[in-house]
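If you read the sequence shown in the numbering used here, its first letter stands for residue 1, the second for the next number, and so on. In this text, a Cβ means the ideal position worked out from N, Cα and C, and glycines have one as well. First up is the structure itself, then whatever we jot down about it.
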Amino acid sequence: MPDGRSVFKLYLLSIIDRDKTLLYDWASSRLSISEFKVRFCERGYEGVGFVTAFPHITKVFRYAPEVETVVDVRELHTATLDEMD
1 MPDGRSVFKL
11 YLLSIIDRDK
21 TLLYDWASSR
31 LSISEFKVRF
41 CERGYEGVGF
51 VTAFPHITKV
61 FRYAPEVETV
71 VDVRELHTAT
81 LDEMD
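Printed below as a string of structure tokens:
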């Protein structure tokens, strides 16, 4: 991560043999895995945690640097990493 302190494990997941492969399979996605990694690093998440990312939805689970006992979970659009409503 850009801050040199934060660490996130990325789990990039696909579900194969499903309709709408663009949503579920990274091999068919318009967004490449390397593009996703760059976008994630650019967002500047801080702390320690892990990310589960499908081509259509991403969840970030992190322990923020300020309070290590609170887990912050975010649901994001994978392509933009904008929060979902």
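(request) Quick one: residues in its chain with C-beta nearer than 8 Å to the C-beta of cysteine 41, no 5 flanking neighbours on either side, listed in chain order? (result) Along the sequence shown, read from residue 1 onward, the residue named residue 41 stands at position 41. For cysteine 41, where only same-chain residues beyond five positions count, the Cβ hits under 8 Å are Met1 and Pro2.
(request) Tell me where the alpha helix (DSSP H) around threonine 21 begins and ends. (result) As a first step, residue 21 is located in the sequence shown; it is residue number 21 there, counting from the start. Note, threonine 21: alpha helix (DSSP H), 21 to 24.
(request) Can you have a look at threonine 78 and say buried or exposed, based on whether 16 or more other CB atoms are within 10 angstroms of its CB? (result) For the purposes of this step, residue 78 is identified with residue 78 of the sequence shown, where counting begins at 1. Buried.
(message) For the alpha helix (DSSP H) containing arginine 30, name the first residue and the last one.
(response) Numbered from its first residue, the sequence shown carries residue 30 at position 30. Looking at the DSSP string, arginine 30 is not in any alpha helix (DSSP H), and its letter there is neither H nor E.
(request) Decide yes or no for the touch test of the region 20 to 29 against the region 58 to 66: beta carbon pairs closer than 8 Å, at least 3 of them. (result) no
(message) Short of 7 Å in beta carbon distance, which residues of its chain neighbour phenylalanine 50, apart from the five on each side in sequence? Order them along the chain.
(response) As a position in the sequence shown, residue 50 is number 50, starting the count at 1. So the qualifying residues of the chain are Phe8, Lys9, Tyr11 and Phe61.
(request) Return yes when the Cβ of serine 6 is within less than 8 Å of the Cβ of glycine 47, no when it is not. (result) Counting from 1 along the sequence shown, the entry for residue 47 is found at position 47. Counting from 1 along the sequence shown, the entry for residue 6 is found at position 6. Yes, the pair counts as a contact, with Cβ atoms nearer than the cut-off.
(request) Whole angstroms is fine: what's the gap from threonine 52's alpha carbon to methionine 84's? (result) Against the sequence shown, residue 52 aligns to sequence position 52. Against the sequence shown, residue 84 aligns to sequence position 84. If I take the Cα positions, the gap works out to 15 Å.
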